[in-house]
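Quick note: the sequence shown uses this note's numbering, first residue 46, plus one each step.
Heads up, the thing below is written out as C-alpha coordinates.
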Amino acid sequence: MQPILDIINASDTISSVHVCRGNWTQNDAALLSGSYDKLSRFFDSLDVQVLALEFSTPRAGEIKSLFKNNSLEDKITLGLGVINPRNQVIETKESIVQAVQPVLDYLPPERIWLNPDCGFATFSSCPLNSYPIIEQKIQQLCAAANALREKYC
(Lines of atoms letter the chains of each structure in order from A and count residues from 1; the text may use other names and numbers.)
(Lines give C-alpha, C1' and ligand atoms only; values in the text may rest on other atoms or scores of the structure.)
Protein backbone atom coordinates (compact mmCIF):
# COMPACT_ATOMS: atom_id res chain seq x y z
CA MET A 1 0.00 0.00 0.00
CA GLN A 2 1.33 3.44 -0.98
CA PRO A 3 1.72 5.97 1.89
CA ILE A 4 -0.83 8.78 1.77
CA LEU A 5 1.89 11.44 1.59
CA ASP A 6 3.16 9.90 -1.64
CA ILE A 7 -0.33 10.00 -3.14
CA ILE A 8 -1.14 13.63 -2.39
CA ASN A 9 0.61 16.27 -4.45
CA ALA A 10 1.42 19.51 -2.65
CA SER A 11 -0.16 21.35 -5.58
CA ASP A 12 -3.44 19.53 -4.87
CA THR A 13 -3.67 20.75 -1.30
CA ILE A 14 -5.13 23.94 0.07
CA SER A 15 -3.84 25.44 3.27
CA SER A 16 -6.11 27.46 5.51
CA VAL A 17 -6.06 29.36 8.77
CA HIS A 18 -9.13 29.84 10.93
CA VAL A 19 -9.28 32.48 13.65
CA CYS A 20 -11.74 31.36 16.29
CA ARG A 21 -13.43 33.94 18.48
CA GLY A 22 -14.92 31.29 20.74
CA ASN A 23 -17.50 28.61 20.27
CA TRP A 24 -18.33 27.36 23.75
CA THR A 25 -21.32 29.48 24.68
CA GLN A 26 -24.40 31.12 23.21
CA ASN A 27 -23.61 34.27 25.19
CA ASP A 28 -22.10 36.57 22.55
CA ALA A 29 -20.88 38.99 25.22
CA ALA A 30 -18.53 36.32 26.63
CA LEU A 31 -16.74 35.76 23.31
CA LEU A 32 -13.79 37.58 21.76
CA SER A 33 -14.44 40.75 19.80
CA GLY A 34 -12.49 43.26 17.75
CA SER A 35 -11.76 43.95 14.12
CA TYR A 36 -9.25 41.96 12.09
CA ASP A 37 -7.03 44.96 11.35
CA LYS A 38 -4.96 44.10 14.43
CA LEU A 39 -3.96 40.87 12.68
CA SER A 40 -3.34 42.52 9.32
CA ARG A 41 0.43 42.07 9.17
CA PHE A 42 0.20 38.55 10.55
CA PHE A 43 -2.34 37.55 7.89
CA ASP A 44 -0.20 39.15 5.19
CA SER A 45 2.82 37.12 6.29
CA LEU A 46 1.03 33.76 6.13
CA ASP A 47 1.67 31.35 3.29
CA VAL A 48 -1.90 30.05 3.04
CA GLN A 49 -4.53 30.12 0.36
CA VAL A 50 -7.61 30.51 2.57
CA LEU A 51 -8.45 32.59 5.60
CA ALA A 52 -11.54 31.18 7.33
CA LEU A 53 -12.81 34.07 9.41
CA GLU A 54 -15.86 34.77 11.50
CA PHE A 55 -18.04 37.58 10.22
CA SER A 56 -21.55 36.49 11.24
CA THR A 57 -21.68 38.86 14.19
CA PRO A 58 -20.78 42.54 14.63
CA ARG A 59 -18.05 41.40 17.05
CA ALA A 60 -15.77 40.88 14.03
CA GLY A 61 -15.90 44.46 12.82
CA GLU A 62 -16.35 45.51 9.22
CA ILE A 63 -14.95 43.58 6.28
CA LYS A 64 -12.82 46.56 5.22
CA SER A 65 -10.73 46.14 8.39
CA LEU A 66 -9.52 42.76 7.10
CA PHE A 67 -8.00 44.36 4.00
CA LYS A 68 -6.42 47.33 5.76
CA ASN A 69 -2.63 47.71 5.42
CA ASN A 70 -1.95 44.45 3.60
CA SER A 71 -2.11 42.78 0.20
CA LEU A 72 -4.62 40.07 1.04
CA GLU A 73 -6.90 41.00 -1.85
CA ASP A 74 -4.12 39.85 -4.18
CA LYS A 75 -3.52 36.45 -2.65
CA ILE A 76 -6.21 34.87 -0.51
CA THR A 77 -9.56 33.21 -0.76
CA LEU A 78 -11.81 34.25 2.10
CA GLY A 79 -13.79 31.62 3.95
CA LEU A 80 -16.47 34.11 4.95
CA GLY A 81 -18.28 33.17 8.13
CA VAL A 82 -21.92 34.00 7.42
CA ILE A 83 -23.63 31.51 9.74
CA ASN A 84 -23.56 31.84 13.52
CA PRO A 85 -23.39 28.31 14.98
CA ARG A 86 -23.86 29.68 18.51
CA ASN A 87 -27.43 30.92 18.23
CA GLN A 88 -30.75 29.53 17.07
CA VAL A 89 -31.55 32.35 14.63
CA ILE A 90 -31.87 30.92 11.13
CA GLU A 91 -30.02 33.22 8.76
CA THR A 92 -31.93 33.87 5.54
CA LYS A 93 -30.66 33.42 2.03
CA GLU A 94 -31.12 37.17 1.56
CA SER A 95 -29.15 38.12 4.68
CA ILE A 96 -26.28 35.85 3.63
CA VAL A 97 -26.23 37.29 0.09
CA GLN A 98 -26.23 40.77 1.60
CA ALA A 99 -23.26 39.86 3.85
CA VAL A 100 -21.24 38.95 0.76
CA GLN A 101 -21.74 42.30 -0.99
CA PRO A 102 -19.03 44.28 0.90
CA VAL A 103 -16.49 41.50 0.25
CA LEU A 104 -16.97 41.93 -3.49
CA ASP A 105 -15.25 45.33 -3.16
CA TYR A 106 -12.04 43.42 -2.37
CA LEU A 107 -12.30 39.94 -3.86
CA PRO A 108 -13.79 38.40 -6.99
CA PRO A 109 -16.70 35.99 -6.40
CA GLU A 110 -14.62 32.89 -7.13
CA ARG A 111 -12.38 33.72 -4.14
CA ILE A 112 -15.22 33.94 -1.62
CA TRP A 113 -16.30 30.77 0.15
CA LEU A 114 -19.34 30.75 2.39
CA ASN A 115 -19.09 28.90 5.66
CA PRO A 116 -20.26 28.94 9.27
CA ASP A 117 -18.13 30.92 11.69
CA CYS A 118 -17.08 27.70 13.40
CA GLY A 119 -18.21 24.12 13.56
CA PHE A 120 -21.55 23.11 14.98
CA ALA A 121 -20.22 20.27 17.12
CA THR A 122 -18.16 22.07 19.73
CA PHE A 123 -19.04 19.46 22.32
CA SER A 124 -20.30 16.13 21.00
CA SER A 125 -22.28 15.49 24.18
CA CYS A 126 -23.69 19.02 24.30
CA PRO A 127 -23.84 20.80 20.91
CA LEU A 128 -24.81 24.46 20.92
CA ASN A 129 -27.64 23.80 18.45
CA SER A 130 -29.98 20.96 17.60
CA TYR A 131 -29.64 19.09 14.33
CA PRO A 132 -32.88 20.56 12.90
CA ILE A 133 -31.56 24.10 13.46
CA ILE A 134 -28.17 23.22 12.03
CA GLU A 135 -29.85 21.71 8.98
CA GLN A 136 -31.94 24.84 8.39
CA LYS A 137 -28.88 27.08 8.72
CA ILE A 138 -26.92 24.99 6.20
CA GLN A 139 -29.89 24.92 3.81
CA GLN A 140 -29.99 28.73 3.82
CA LEU A 141 -26.22 28.88 3.27
CA CYS A 142 -26.59 26.56 0.25
CA ALA A 143 -29.49 28.60 -1.13
CA ALA A 144 -27.41 31.78 -0.83
CA ALA A 145 -24.43 30.13 -2.52
CA ASN A 146 -26.64 29.01 -5.39
CA ALA A 147 -28.16 32.50 -5.75
CA LEU A 148 -24.69 34.06 -5.81
CA ARG A 149 -23.43 31.55 -8.38
CA GLU A 150 -26.41 32.34 -10.61
CA LYS A 151 -25.65 36.04 -10.37
CA TYR A 152 -21.84 36.00 -10.72
CA CYS A 153 -20.88 32.82 -12.54
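Every residue, glycine too, gets a C-beta built ideally from N, C-alpha and C.
Straight-line measurement puts the Cα of N174 at about 30 Å from the Cα of E155. Around the beta-carbon of D162, 16 or more other beta-carbon atoms lie within 10 Å, marking it buried. In the displayed model, V142 falls within a helix according to three-state DSSP. In chain order, G106 and S110 place their CB closer than 6 Å to the CB of S80, counting only its own chain and leaving out the 5 sequence neighbours on each side. 8 Å or more divides the Cβ of I108 from the Cβ of V62. Taking the C-beta atoms as reference points, L84 is found no nearer than 8 Å to I128.
Taking C-alpha positions only, N160 is separated from G124 by approximately 6 Å. Within the DSSP secondary-structure output, L186 pairs in no beta bridge. The alpha carbon of S116 has as its nearest neighbour, out of Q94, V64, V142 and Y176, the alpha carbon of Q94. Pairing S60 with I183, the inter-Cα distance amounts to about 23 Å. Per DSSP, S85 is not a residue of any beta strand (DSSP E); the alpha helix (DSSP H) it occupies stretches across S85 to S90.
Put simply, the backbone Cα of I135 is about 9 Å away from that of I179.
The Cβ atoms of S90 and G126 do not sit closer than 8 Å to each other.
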